[in-house]
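Asker: Encoded as structure tokens, here's the structure I'll be asking about.
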Amino acid sequence: MAQSADIQPPHGSVHRKTLSLPGQQTQCQPSTHPSINRPWMVYFDQPQGFSKMSQENTEEVKMLEAQIECLQAEVEALQRKQKDHHKDLAFHFKGQMHDALLYLCGQRQGEGTKVLSKLKEEVEKLEEDLKRQTELNHISLDCCTRKTLQSSGRKLVQQLCMSGHCSKLFFQVEFQLSEVREGDRSERSITDLNVVLDATDLQRFSSFLSGVEESRDLLLFFRTLRTFSDRCNDRCRTFQHFQEKYPAVVSLPGGCKSEIMTLNHPKLPGCSLFVHWSVEVSKEGVVTPNIDLLTKIPERAQQLFPFQAVGGTAESFHSLLRILGPEAALESVIRAVSLT
């Protein structure tokens, strides 16, 4: 049997462990003789800072675990939000579109080619319907976003933002749509309506837009917007037509989309007639075109020819408007100027 002895450790806290060959008996006991050499005796020392490092590592592990829990909670919240969004889509679409959305959301497997084919047909029908509606009302939607703010068993609140244009008038409409379901019935209401209009005639829309935002009447806004756009297009076409037909007399300093058309005779410099064609919009959404004829005659000419007809030009022109209409009345004035 092999002999064993322990070496007295140095002063301090030391742990001792004896290693021996297989099949040998090991005896661990305190040694009183420091000079005895045992090759199979190994000592593992623990530094004084080991306990502090272990505590720091434990705190770091706890912090990482807390971060992992927060990330897991965030992932679960996003998954619930995605699930609610899919349910929302499925609720608003029916028929072929409903089946296709269920398939795309992974709620129904199989027959993928058939479902996608039906979806393509449904999208083509929607595009044709949208094109037809655009041709009818002259309003094109460029972007439409929807965000669900609240979704419960009987109430749904969504934030909608639509932007588009009607002819050359660009608009953006943002509002909240609330839907409350009572059995088979549902009631919808609009709140927090905000309308932004990018137009040169915005000052004529200021009171109307304020009234629309107060009444939250979207139908009135789009109907008035189209009527206003049509009247502006009528003015533009009329000005452009007379400029092309009478280029020596008619000029458009601000372009065909402006409110002013100038009439000048080449042989009468300084004498001008101005047609001011504005389109007014009331707070109630009534669109009214106003056409006035203004004169500019040099003071020297008025002294030489103090005829009274100039003073009644505006009244006479308004009489022509009532009898002949805008185009015929304007052409009568233009012919009179060109023959002067």
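UniProt numbering numbers the first residue of the sequence shown as 1 and each following residue consecutively. Don't be surprised by glycine CBs; every beta carbon is placed ideally from N, CA and C.
Taking only three categories from DSSP, how would you classify R188?
Answerer: As a position in the sequence shown, residue 188 is number 188, starting the count at 1. Three-state DSSP puts R188 in a strand.
Asker: By the three-class DSSP mapping on this structure, what secondary structure does D217 have?
Answerer: Position 217 of the sequence shown, counted from the first residue, corresponds to residue 217. In this structure, D217 counts as coil in the three-state DSSP scheme.
Asker: Using the C-alpha atoms, what's the distance from F317 back to P247?
Answerer: Counted from its first residue, the sequence shown places residue 247 at position 247. Counted from its first residue, the sequence shown places residue 317 at position 317. Looking at the two C-alpha atoms, the distance is approximately 22 Å.
Asker: According to DSSP, simplified to helix, strand and coil, what is S206?
Answerer: The sequence position of residue 206 within the sequence shown is 206, counting from 1. Looking at S206 - three-state DSSP - the assignment turns out to be helix.
Asker: Measuring only the C-alpha atoms, how far is K267 from G164?
Answerer: As a position in the sequence shown, residue 267 is number 267, starting the count at 1. As a position in the sequence shown, residue 164 is number 164, starting the count at 1. Their backbone Cα atoms lie some 48 Å apart in a straight line.
Asker: Provide the residue span of the beta strand (DSSP E) that contains P289, from first to last.
Answerer: Position 289 of the sequence shown, counted from the first residue, corresponds to residue 289. Residues V287 to K296.
Asker: From the DSSP output, in three-state form, read off P39 for me.
Answerer: Position 39 of the sequence shown, counted from the first residue, corresponds to residue 39. Only weak support exists for where P39 lies, its pLDDT of 46 falling under 50; the value from the coordinates is given anyway. Of the three classes helix, strand and coil, the one that applies to P39 here is coil, per DSSP.
Asker: Is R146 closer than 7 Å to L160 when the C-beta atoms are compared?
Answerer: To locate residue 160, count along the sequence shown from 1; it is residue 160. To locate residue 146, count along the sequence shown from 1; it is residue 146. In this structure, R146 lies closer than 7 Å to L160 by Cβ.
Asker: Between L193 and R216, which are expected to be in contact by the criterion C-beta below 8 Å, what is the C-beta distance as a whole number of angstroms?
Answerer: As a first step, residue 193 is located in the sequence shown; it is residue number 193 there, counting from the start. As a first step, residue 216 is located in the sequence shown; it is residue number 216 there, counting from the start. Their Cβ separation, rounded to whole angstroms, is 5 Å, which keeps L193 and R216 in contact under 8 Å.
Asker: Which residues in the same chain have their Cβ closer than 6 Å to the Cβ of G153, if we skip the five residues on either side of it in sequence?
Answerer: Here the question's residue 153 lines up with position 153 in the sequence shown. So the list is empty, once near-sequence residues are dropped.
Asker: Please state whether DSSP places V333 in a helix, a strand or coil.
Answerer: Position 333 of the sequence shown, counted from the start, is the residue given in the question as residue 333. DSSP places V333 in helix when its eight states are reduced to three.
Asker: Keeping to the same chain, check which residues put their C-beta closer than 7 Å to that of Q240; ignore five residues upstream and five downstream.
Answerer: Position 240 of the sequence shown, counting from 1, holds the residue named residue 240. Answer for Q240: C256, listed in chain order.
Asker: On the three-state DSSP scale, how would you describe Q29?
Answerer: Numbered from its first residue, the sequence shown carries residue 29 at position 29. Bear in mind that the predicted position of Q29 carries a pLDDT of just 48, short of 50, making it unreliable; the figure below should be weighed with that in mind. Reduced to three states, the DSSP call for Q29 is coil.
Asker: What separation, rounded to the nearest whole angstrom, lies between the Cα atoms of C271 and S278?
Answerer: Working through the sequence shown from its first residue, we reach residue 271 at position 271. Working through the sequence shown from its first residue, we reach residue 278 at position 278. Going from the Cα of C271 to the Cα of S278 covers about 23 Å.
Asker: L177 and Q150: beta carbons closer than 7 Å?
Answerer: Here the question's residue 177 lines up with position 177 in the sequence shown. Here the question's residue 150 lines up with position 150 in the sequence shown. No.
Asker: Can you name the residues that DSSP bridges to I260?
Answerer: Looking up residue 260 in the sequence shown gives position 260. Partner(s): H276.
Asker: Can you give the Cα-Cα distance for C143 and F171, rounded to whole angstroms?
Answerer: Your numbering for residue 143 matches position 143 in the sequence shown. Your numbering for residue 171 matches position 171 in the sequence shown. Cα to Cα, the separation comes out at about 11 Å.
Asker: Should V281 and F228 be called a contact, given that it needs their Cβ atoms to be closer than 7 Å?
Answerer: Start at 1 with the first residue of the sequence shown, and residue 281 comes out as number 281. Start at 1 with the first residue of the sequence shown, and residue 228 comes out as number 228. Going by C-beta atoms, V281 is nearer than 7 Å to F228.
Asker: What do you get for M63, buried or exposed, if any count of 16 or more other CB atoms within 10 angstroms of its CB means buried?
Answerer: Locating residue 63 in the sequence shown gives position 63, where the first residue counts as 1. It counts as exposed.
Asker: Could you check the C-alpha separation between N264 and K168 for me, to the nearest Å?
Answerer: Walking along the sequence shown from the start, residue 264 turns up at place 264. Walking along the sequence shown from the start, residue 168 turns up at place 168. Those two C-alpha atoms are separated by around 30 Å.
Asker: Hey, could you find the ends of the beta strand (DSSP E) R181 is sitting in?
Answerer: The sequence position of residue 181 within the sequence shown is 181, counting from 1. L169 to E182 is the span of the beta strand (DSSP E), which, as asked, contains R181.
Asker: I'd like the list of long-range same chain contacts for E187, defined as Cβ closer than 6 Å, with 5 residues on each side in sequence excluded.
Answerer: One-based indexing of the sequence shown puts residue 187 at position 187. Within the same chain, E187 has close Cβ partners V180.
Asker: Using a Cβ-Cβ distance under 7 Å, would R146 count as near chain D?
Answerer: Among the chains in the structure shown there is no chain D, since it carries only a single protein chain.
Asker: Quick one: residues in its chain with C-beta nearer than 7 Å to the C-beta of V249, no 5 flanking neighbours on either side, listed in chain order?
Answerer: Your numbering for residue 249 matches position 249 in the sequence shown. Once the five neighbours on either side are set aside, the close Cβ partners of V249 are L263, N264, H265, I334, V337 and S338.
Asker: In its own chain, which residues sit with a C-beta less than 6 Å from the C-beta of T32, not counting the 5 before and 5 after it?
Answerer: The residue you call residue 32 lines up with position 32 of the sequence shown. With a pLDDT of 48 at T32, under the threshold of 50, the modelled position of this residue cannot be trusted; read the value that follows with caution. Correct list: empty, nothing qualifies.
Asker: What does the alpha-carbon distance come out to for the pair E127 and S332?
Answerer: Working through the sequence shown from its first residue, we reach residue 127 at position 127. Working through the sequence shown from its first residue, we reach residue 332 at position 332. Spanning the two alpha carbons is a distance of roughly 46 Å.
Asker: Mind checking R235: buried by the 16 CB within 10 Å criterion, or exposed?
Answerer: Taking the first residue of the sequence shown as position 1, residue 235 is located at position 235. R235 is buried by the Cβ-count criterion.
Asker: So the beta strand (DSSP E) H165 belongs to, where does it begin and stop?
Answerer: In the sequence shown, the residue the question calls residue 165 occupies position 165. Where H165 is concerned, the enclosing beta strand (DSSP E) stretches over K155 to C166.
Asker: Could you tell me which residues DSSP puts in a beta bridge with I68?
Answerer: For the purposes of this step, residue 68 is taken as residue 68 along the sequence shown, with counting starting at 1. Its beta-bridge partners do not exist; DSSP assigns none.
Asker: Please tell me whether L320 and A314 are closer than 7 Å, where the distance is taken between their beta carbons.
Answerer: Against the sequence shown, residue 320 aligns to sequence position 320. Against the sequence shown, residue 314 aligns to sequence position 314. No; because the gap between Cβ atoms is not below 7 Å, this pair is not in contact.
Asker: Looking at R231: is its Cβ nearer than 7 Å to the Cβ of P289?
Answerer: The sequence position of residue 231 within the sequence shown is 231, counting from 1. The sequence position of residue 289 within the sequence shown is 289, counting from 1. Their beta carbons are under 7 Å apart, which means R231 touches P289 by this criterion.
Asker: State the DSSP-derived secondary structure class of K283, mapped to helix, strand or coil.
Answerer: One-based indexing of the sequence shown puts residue 283 at position 283. Of the three classes helix, strand and coil, the one that applies to K283 here is coil, per DSSP.
Asker: Within 10 angstroms of the Cβ of C70, are there 16 or more other Cβ atoms? Answer buried if so, exposed if not.
Answerer: Position 70 of the sequence shown, counting from 1, holds the residue named residue 70. Counting Cβ neighbours within 10 Å, C70 comes out exposed, since fewer than 16 surround it.
Asker: For the alpha helix (DSSP H) that contains S140, what are its first and last residues?
Answerer: Within the sequence shown, numbered from 1, the residue matching residue 140 stands at position 140. From DSSP, S140 is part of no alpha helix (DSSP H) but of the beta strand (DSSP E) over I139 to S151.
Asker: Closest to L273 by CA distance: which of I260, S210 and Q55 is it?
Answerer: As a first step, residue 273 must be located in the sequence shown, where it is residue number 273. Here the closest residue by C-alpha is I260.
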